[in-house]
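Novice: First the structure, then my questions, so here it is.
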């Protein structure tokens, strides 16, 4: 009998890849579960049925997991909902008698600067509130508790994820194009990544194998990639990137520390102005809209002090663009730990299907096709990239 | 003084709540007479949010006698039936883009509008954006000289969650990203350059609405041959904008929501850029309403209804957009990187 697999977070990068993988197998009754329709295009294009369920609504989860033997959680709720939603999901899976629950943790649970012991899963978790790693750690604790209560749970712990559609790779490309990603030292720091194909393969293996006690297992490409390799692999599709600079470790640490400090008023105002609800209110209030437009104009064309105060002067050709800050990816070069996949190899029989070199080569081909890179139209499209990356 | 036009908004989803209702409530020339949605509670929620009390009903037929015009902001596949009911009832319509889910339905609407003497406008609100309007005027005036090539792209990682989730269904959309996003550019392109002589098209649909699409357009019968491309995505963020290569240089229009100017990088001075915009005295007279493209669209529609002049985007123009969309779909090939998977899908289907 075909096994029914429910995948929460099916519209995401991992969830979408897993759904496509399982559909191509033809051996599963796949139930892709999405939260909202807006991000589900990748799966919708297949013309398959998509289930909608809000993880904050227990009755919707109950309906979604009914009759499912396996439930995979690839959901990515907002930080404040990470704990309650995983609690809802594990409770409903327990009640429904789900035979295997597969949860995605993250290496972020070991903190921004993990200890060398984080080579192995048993290291002490160091993530601090309010980081993403902290909330993932709280989720892991809930899954472990559910496992103790009788929900067979496999927890996979990936690093940043590459592959087609990878937001992380796009972040690296953007940073290269903006010149905000220097190498720390000579770039020999380990860069632990997992191609989404490898992660999906590990998830599928976990349908059958692996410890079900809620313990974490590292899953990655399991090679010796460093940051220099990553940048070298992506530079061919970023021909307009400024030269890659190098900074010292101390400078990188100072930058990371500065990112933890509070916002300036201008930064805070910009963040607030970016909130969707606020935008909607402004749009519907003529006086506010008028003032918002004036601010926007002043930030671009007003006197220099006003431009600076409003954090503008970066669009169009007027004003002086501020010196580019560094990408958060600089901090990733300081992690310094290569997480080992020994446990996943042993317990799941995990073997990476895709090497780092293959992963990057596939990404480059895909990027060329999607973004028109290298074709005749690139001469025109590159103008848009140039403007976007210069803030203009 | 003229009586305010009595308007019904049909469909109480995101676009109505976020754009049409504010536009109607901000106009002294119209009155929100009714909100119509199969889910009456959504109408009540919207009414409560804006502190208004229009008539609420689940079928437009119930209010046809009480309204002068309707804004139809429902899933695409329902446009036709609602528009036809309005037209037969003598009610003018502003139909959200696209005019209909199919060319045949669009032609039926346009013919019925002519027959009943009813104004039908199509909600290509981006035509009322200052920068688009300016660029269109400059192209038509020949300001840039001959235009040789153009490229347009718009890509986001998803986004836009309509209440009905109709975007998950190809039939409800009448296609995929080409309809949902590309139709705006197709409308501009038809207005600026006319109907292309030749097209090629590729997308990644495997039976559902395509998430990614790329098209090329050839204009062979202009004084100077023109070629262009369109690239759309609902899975990849692409810097949005339009660029064209002209006799005067490279012209670019960034994200349509940005400032009201276009940028010219002159052919003979590529180390400088010129910002082309309306004279400052014109910009100074702008109000919040006259800067809001949905408000301007509504004003244009109501003026067209009152004067019987054609609206800026007529039903016939909406039909041409549908014609080109159908021509693109007819020329469809799989996107190259999906070719292998497509073959696999075909084999298993």
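Chains as they are written, first to last, in the working numbering: chain X, 1 to 392; chain F, 1 to 349. The C-beta atom is built at its ideal place from N, Cα and C for all residues, glycine as well.
#1: In the DSSP output, which residue or residues are listed as bridge partners for residue 233(F)?
#2: So who's on the other strand from residue 29(X), going by DSSP bridges?
#3: Answer yes if the stretch 210-227 of chain X comes into contact with the stretch 365-381 of chain X, meaning at least three C-beta pairs across the two stretches below 8 Å, and no otherwise.
#4: By alpha-carbon positions, which one of 32(X), 67(X), 85(X), 116(X) ends up nearest to residue 58(X)?
#5: Give the DSSP-derived three-state secondary structure of residue 357(F) in the structure shown.
#6: Taking C-beta pairs closer than 9 Å, name the residues in chain F that residue 37(X) reaches, listed in chain order.
#7: Kindly identify the DSSP beta-bridge partner or partners of residue 263(F).
#8: Does residue 9(X) have its Cβ less than 8 Å from a Cβ in chain F?
#9: Run through DSSP, which three-state label would residue 181(X) get?
#10: For residue 328(F), go through chain X and note every residue whose CB falls closer than 8 Å to its CB, in chain order.
#11: Mind pulling the chain X residues with CB within less than 8 Å of residue 354(F)?
#12: Quick check on the DSSP output: the beta strand (DSSP E) that includes residue 242(F) runs from which residue to which?
#13: Does residue 74(X) get closer than 8 Å to chain F when you measure Cβ to Cβ?
#14: Quickly, what does DSSP pair residue 217(X) with across the bridge? List them, please.
#15: Compare the C-beta of residue 19(X) against all C-beta atoms of chain F and say whether one is closer than 8 Å.
#16: Please say whether residue 45(X) and residue 208(F) have beta carbons closer to each other than 8 Å?
#17: Which runs of the beta strand (DSSP E) at least 3 residues long sit entirely within the stretch 54-95 of chain X? Give them in chain order.
#18: Helix, strand or coil: how does DSSP classify residue 51(X) here?
#19: Are at least three pairs of beta-carbons, each pair with one atom in the stretch 128-139 of chain F and one in the stretch 161-175 of chain F, less than 8 Å apart?
#20: Taking all protein chains shown into account, do 16 or more other C-beta atoms lie within 10 angstroms of the C-beta of residue 360(F), making it buried, or fewer, making it exposed?
#21: Can you give me the Cβ contacts of residue 14(F) inside the same chain, cut-off strictly under 8 Å, excluding the 5 residues immediately before and after it?
#22: Please list the terminal residues of the continuous alpha helix (DSSP H) segment that includes residue 22(F).
#23: Would residue 160(X) count as contacting chain F if we go by Cβ distances under 8 Å?
#24: From residue 12(F) to residue 36(X), what distance separates their C-alpha atoms?
#25: Residues bridged to residue 334(F) by DSSP?
#26: Can you tell me the Cβ-Cβ gap for residue 146(F) and residue 66(F), rounded? I've got them flagged as a contact below 8 Å.
#27: On the criterion of 16 or more Cβ atoms from any shown chain inside 10 Å, does residue 232(X) qualify as buried, or is it exposed?
#28: Would you mind working out which of 173(F), 309(F), 304(F) sits nearest residue 98(F), comparing C-alpha positions?
#29: Between the Cα of residue 257(X) and those of 200(X), 328(X), 230(X), 188(X), spot the shortest distance and give me the residue it belongs to.
#30: Quick check: the Cα distance between residue 149(X) and residue 93(X), rounded to an integer number of angstroms?
#31: Spell out whether any CB of chain X is found under 8 Å from the CB atom of residue 12(F).
#32: When we look at the beta-carbon of residue 323(X) and count the other beta-carbons within 10 Å, is it buried (16 or more) or exposed?
#33: Closer than 8 Å, CB to CB, is residue 369(X) near chain F or not?
#34: Is there a Cβ from chain F that is less than 8 Å from the Cβ of residue 198(X)?
#35: So residue 176(X) packs on residue 234(X), CB below 8 Å; how close in whole Å?
#36: According to the neighbour-count rule (16 or more other Cβ atoms, all chains shown, within 10 Å of its Cβ), is residue 313(X) buried or exposed?
Specialist: Straight from the coordinates:
#1: Walking along the second chain from the start, residue 233(F) turns up at place 233. Its beta-bridge partners are 155(F), 212(F).
#2: Position 29 of the first chain, counted from the first residue, corresponds to residue 29(X). When beta bridges are read from the DSSP output, residue 29(X) appears opposite 4(X).
#3: Segments in contact, no.
#4: Position 58 of the first chain, counted from the start, is the residue given in the question as residue 58(X). Out of 32(X), 67(X), 85(X), 116(X), 85(X) has the C-alpha closest to the C-alpha of residue 58(X).
#5: Not covered by the structure: residue 357(F). The range shown for chain F is 1 to 349.
#6: In the first chain, the residue the question calls residue 37(X) occupies position 37. In chain order: 158, 160, 161, 162, 164, 165, 166, 167, 168.
#7: Residue mapping note: residue 263(F) aligns to position 263 of the second chain, counting from 1. According to DSSP, residue 263(F) bridges with 252(F), 275(F).
#8: Counted from its first residue, the first chain places residue 9(X) at position 9. With respect to chain F, the C-beta atom of residue 9(X) has no partner C-beta closer than 8 Å.
#9: Indexing the first chain from 1 puts residue 181(X) at position 181. In the three-state reduction of the DSSP assignment, residue 181(X) falls in the coil class, being assigned neither a helical nor a strand state.
#10: By one-based count along the second chain, residue 328(F) stands at place 328. Those within 8 Å of residue 328(F) in chain X number zero; the least Cβ separation is about 16 Å.
#11: A question about residue 354(F) goes unanswered here, because the residues of chain F that appear run from 1 up to 349.
#12: Position 242 of the second chain, counted from the start, is the residue given in the question as residue 242(F). Segment 238-246, the beta strand (DSSP E) holding residue 242(F).
#13: Position 74 of the first chain, counted from the first residue, corresponds to residue 74(X). So no, residue 74(X) is outside the interface.
#14: What you label residue 217(X) is simply residue 217 of the first chain in a count that begins at 1. Beta-bridge partners assigned by DSSP to residue 217(X): 156(X).
#15: Within the first chain, numbered from 1, the residue matching residue 19(X) stands at position 19. Judged by the 8 Å Cβ criterion, residue 19(X) is not in contact with chain F.
#16: Locating residue 208(F) in the second chain gives position 208, counting from the first residue. Locating residue 45(X) in the first chain gives position 45, counting from the first residue. The beta carbons of residue 208(F) and residue 45(X) sit closer together than 8 Å.
#17: Taken in chain order, the complete beta strand (DSSP E) segments of 3 residues or longer contained in the stretch 54-95 of chain X are 70-73.
#18: Taking the first residue of the first chain as position 1, residue 51(X) is located at position 51. Strand.
#19: Look at the beta carbons and you see the stretch 128-139 of chain F not touching the stretch 161-175 of chain F: under three pairs across the two are nearer than 8 Å.
#20: Outside the displayed span of chain F (1 to 349) sits residue 360(F), for which this structure offers no information.
#21: Stepping through the second chain from its first residue, residue 14(F) is reached at position 14. So the list reads 160, 161, 162, 163, once near-sequence residues are dropped.
#22: For the purposes of this step, residue 22(F) is taken as the residue at position 22 of the second chain. Here the alpha helix (DSSP H) through residue 22(F) covers 21-25.
#23: Residue 160(X) sits at position 160 when you count from the first residue of the first chain. Not one beta carbon of chain F lies nearer than 8 Å to the beta carbon of residue 160(X).
#24: Against the second chain, residue 12(F) aligns to sequence position 12. Against the first chain, residue 36(X) aligns to sequence position 36. Linking residue 12(F) to residue 36(X) through their CA atoms gives a straight-line distance of about 18 Å.
#25: Here residue 334(F) corresponds to residue number 334 of the second chain, with the count starting at 1. Note: residue 334(F) is bridge-paired with 203(F) in the DSSP secondary-structure output.
#26: The residue labelled residue 146(F) in the question sits at position 146 within the second chain. The residue labelled residue 66(F) in the question sits at position 66 within the second chain. So it is not a contact: roughly 53 Å between Cβ atoms.
#27: Residue numbering aside, residue 232(X) sits at position 232 when the first chain is read from its first letter. Counting Cβ neighbours within 10 Å, residue 232(X) comes out exposed, since fewer than 16 surround it.
#28: Numbered from its first residue, the second chain carries residue 98(F) at position 98. Ranking the options by Cα distance to residue 98(F), first place goes to 173(F).
#29: Mapped onto the first chain, residue 257(X) falls at position 257. Distance from the Cα of residue 257(X) is smallest, within the candidate group 200(X), 328(X), 230(X), 188(X), for 328(X).
#30: In the first chain, the residue the question calls residue 149(X) occupies position 149. In the first chain, the residue the question calls residue 93(X) occupies position 93. For residue 149(X) and residue 93(X), the distance between alpha carbons rounds to 11 Å.
#31: Locating residue 12(F) in the second chain gives position 12, where the first residue counts as 1. Chain X, which has no Cβ nearer than 8 Å to the Cβ of residue 12(F), makes this no.
#32: Here residue 323(X) corresponds to residue number 323 of the first chain, with the count starting at 1. With a pLDDT of 44 at residue 323(X), under the threshold of 50, the modelled position of that residue is not reliable, and the figure given next carries that caveat. Residue 323(X) is exposed by the Cβ-count criterion.
#33: Within the first chain, numbered from 1, the residue matching residue 369(X) stands at position 369. Yes, its Cβ sits closer than 8 Å to a Cβ of chain F.
#34: On the first chain, residue 198(X) is found 198 positions in, with the first residue counted as 1. Not closer than 8 Å to any Cβ of chain F, the Cβ of residue 198(X) fails to qualify, so no.
#35: Within the first chain, numbered from 1, the residue matching residue 176(X) stands at position 176. Within the first chain, numbered from 1, the residue matching residue 234(X) stands at position 234. About 6 Å; that satisfies the 8 Å criterion.
#36: Within the first chain, the letter at position 313 stands for residue 313(X). Any reading at residue 313(X) needs caution, since the residue's pLDDT is 38, under 50, leaving its predicted position unreliable; the model's value is listed next. Label assigned to residue 313(X): buried.
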